[in-house]
Each structure stands twice: as structure tokens, then as C-alpha cells.
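Just below is one structure, and these are the notes that go with it.
In the numbering used here, the protein residues as written are 73 to 411.
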């Protein structure tokens, strides 16, 4: 009861449209939102309601929120929308859309926007960094030096050069295209797989990922997660990539069959992996921790100081467009989950 009353108090300040905030934000983001909107914040100090109960309580206040800001940890489905019948706009700060039932949103007349290209440059940079790290053994050799092994055991084993590698990119969208351009500058040969060939590029197109893997030294996963792309990199694809092959994943963890990836790495069926995402985050397979040919990070490819600032402006831009009756900056629809 106290939490519900507190939430009603949050919404009481008049003159500004109400926004349901269902993700943690930093102080500048919070201040920018509160400057423009009446913010009902799931993470406000003293707020004790579980997420879905908070959503339902927000829907019960006078002038309930018509828009919400979410992240990838919030599942927008029929149950969520039932709890918040006043919502007409969902603004996700994630680029991926696998946490949003777009068809259900469309059926109920709820507009959806995502982060668009805010993260694309940073993720592309990070993908190249992961690949360089795996091939040149940067992190592994750094640990070798810190352990004092250089003096005691001599030089660390050599890595492999990036230039000349055949790189197969799964998903040649905003991020995949940027990765391709960066790797071209290193002298890599780019191949790709997507739903259909793209007339705007000269890279060789492969209609299925198994054929792409067989003709690649490196696989970079940069596609959306949907029914067609879940475990798109499976046992057969990893075997086709071969014992000298490397996998980099900056898409979604479930794009790769993680159990088969661990087996392939353990048995030497592929040479290494650079992973920023995992199938059951934040859980990471313990076997990976001891593998010197694997580079791990905690789903941070999107995060830089610049992208955080850009995301703040972009999110507010989408909200302001919605409340002023203008088109959303980055609307997404039911077909947006296609690769």
C-alpha cells in the first residue's frame, strides 16, 4: 500500500506527460527525463513493488502513463500489456527486439521504437577488437606477462594475422555492414549470409550459414535473434568452420548453440572465440574461464561514454515524437525481427 501511494505521488505533478521507466539509468539520464516528463520509476529509492505489480499500479494512477522506457531485461508480452492497458508506446533502449512481442503490440495499437543505430559504430569496433584479441592472443599473452611467465618460461606462442582472413558475417545489417567495412581495411575477404542478397555490396553471398562457414576462417554473428536465427551456429556449422576457425558473437547469446560451442572449443574443433553475449546471461559456462583461446566480456559492446549520451538523446527524442503526435525516430514493426 505504501509503495502504491508513493507511486501515485510520483505521478501527481501536473503539466507533463507520464512515462513509465522500467530500466536503471544514470543521473544525467534521470534528470533529462524528469525535466520533460512525469517519471514513474521502478528503480526509485524506496520503491518495493515487483516489476509487474509496479506496472499494474502505475496503470491505476490518475492520468496513467501512455509511454514506457524499457531495456532488454523487460519482456513486453500479453501479460505485460494486460497490466498496463493505458500504454500506447514502448521505447526500448536495446537494439535487439527479441524481448518484445511486436505482433501483440501491433494488435493492441502500441507503437514500438528501439535504439536504432545508436550503438552500431561502437559494436562494430568492439567486434573487430574481439577478433584481434583472439587471433593475436592479446589478453592471453597479457595474463602470461602478469603471471611472470615470460621470464620463467620464455616467449608466448604466436598468434595469427588478421589480414587476408576470410570473414563470414551472419547478418549484414547496420552493425554487420560496419564490421565488414572495418575488416576490409585490414585486408580481409568478406562473405555474408542474410535473408537475401544485398544489391548495395559486392561481398559474396551465401544462402545458408553452413556453406558460409565452410568458406570462412572467421564467423562473426551480427544478426537479430528470432526463431530462424536461434542456434543458427550449431554443431554442423562449427564443424564446417574447422579447427583453424574463430567465432565472434556480438549478436545474442542464443544465436549460437552454446553447449556445442563449448564442446568444439574443448575438443579443438575450432581455434577460438570472442564472446560478448551468452545464452543464459549473466551465467557463463564455467569451462570457458580456463580456455586461453577464448575472450569473454559482459555484454558491453554497446557501451561507451558517447553511446550512453547518444542513447539518452535518442530515447527522449522518441518519447517527444510520440507525445507530440509525430512519427517515432526509430519505429519497429512485426517484421523487424527477421534477419
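Here a beta-carbon is modelled for each residue, glycine too, at the ideal position from N, C-alpha and C.
Here's the rule I'm using: 16 or more other beta-carbon atoms within 10 Å means buried, otherwise exposed. How should residue i be labelled?
i, result
"residue 263", "buried"
"residue 349", "buried"
"residue 91", "buried"
"residue 212", "buried"
"residue 191", "buried"
"residue 35", "The question about residue 35 has no answer, for the chain in this structure spans 73 to 411."
"residue 205", "buried"
"residue 396", "exposed"
"residue 384", "buried"
"residue 256", "exposed"
"residue 181", "exposed"
"residue 230", "exposed"
"residue 100", "exposed"
"residue 185", "buried"
"residue 137", "buried"
"residue 402", "buried"
"residue 173", "buried"
"residue 411", "With a pLDDT of 44 at residue 411, under the threshold of 50, the modelled position of that residue is not reliable, and no figure is offered here."
"residue 412", "The requested residue 412 is not part of the displayed model; the chain covers only 73 to 411."
"residue 329", "buried"
"residue 220", "exposed"
"residue 250", "buried"
"residue 274", "exposed"
"residue 132", "exposed"
"residue 188", "buried"
"residue 175", "exposed"
"residue 218", "exposed"
"residue 351", "buried"
Can you give me the Cβ contacts of residue i inside the same chain, cut-off strictly under 7 Å, excluding the 5 residues immediately before and after it?
i, result
"residue 387", "141, 163, 165"
"residue 338", "359"
"residue 286", "312"
"residue 353", "325, 371"
"residue 368", "347, 356, 360"
"residue 394", "139, 161, 183, 400"
"residue 398", "none"
"residue 308", "282"
"residue 75", "Note that residue 75 scores a pLDDT of 48, beneath 50, so its modelled location is shaky and nothing firm can be said."
"residue 306", "329, 332"
"residue 23", "Outside the shown range of the chain (73 to 411) lies residue 23, about which nothing can therefore be said."
Is the separation between the beta-carbon of residue i and that of residue j shorter than 7 Å?
i, j, result
"residue 360", "residue 327", "no"
"residue 228", "residue 216", "yes"
"residue 239", "residue 373", "no"
"residue 93", "residue 107", "no"
"residue 139", "residue 375", "no"
"residue 233", "residue 260", "no"
"residue 294", "residue 323", "yes"
"residue 268", "residue 244", "no"
"residue 241", "residue 292", "yes"
"residue 208", "residue 171", "no"
"residue 97", "residue 202", "no"
"residue 334", "residue 254", "no"
Put residue i into one of helix, strand or coil per three-state DSSP.
i, result
"residue 169", "coil"
"residue 177", "helix"
"residue 354", "coil"
"residue 374", "coil"
"residue 206", "helix"
"residue 198", "helix"
"residue 328", "strand"
"residue 321", "strand"
"residue 291", "strand"
"residue 285", "helix"
"residue 389", "helix"
"residue 184", "strand"
"residue 163", "strand"
"residue 349", "coil"
"residue 309", "helix"
"residue 368", "strand"
"residue 148", "strand"
Enumerate in chain order the residues of its own chain whose CB-to-CB distance from residue i is below 6 Å, with the five nearest sequence positions on each side excluded.
i, result
"residue 365", "344"
"residue 331", "none"
"residue 178", "406"
"residue 290", "237, 239, 318"
Less than 6 Å separating the Cβ of residue i from some heavy atom of the ligand GTP?
i, result
"residue 301", "Annotation note on the ligand GTP: not contained in the displayed structure, which lists no ligands."
Can you list, in chain order, the residues of its chain with a C-beta nearer than 8 Å to that of residue i? Leave out the 5 residues immediately preceding and following it.
i, result
"residue 124", "151, 152, 155"
"residue 279", "265"
"residue 382", "190"
"residue 88", "108, 109, 110"
"residue 103", "none"
So is residue i in contact with chain D if we call contact Cβ pairs under 7 Å?
i, result
"residue 254", "You won't find chain D in this structure, because it holds only one protein chain."
- request: Could you name each continuous alpha helix (DSSP H) segment of 4 residues or more that falls completely within the stretch 215-274, going from the start of the chain to the end?
  value: 221-225, 246-257
- request: Please go through the stretch 75-142 and give each complete alpha helix (DSSP H) segment of 4 or more residues, from N-terminal end onward.
  value: 99-108, 123-131
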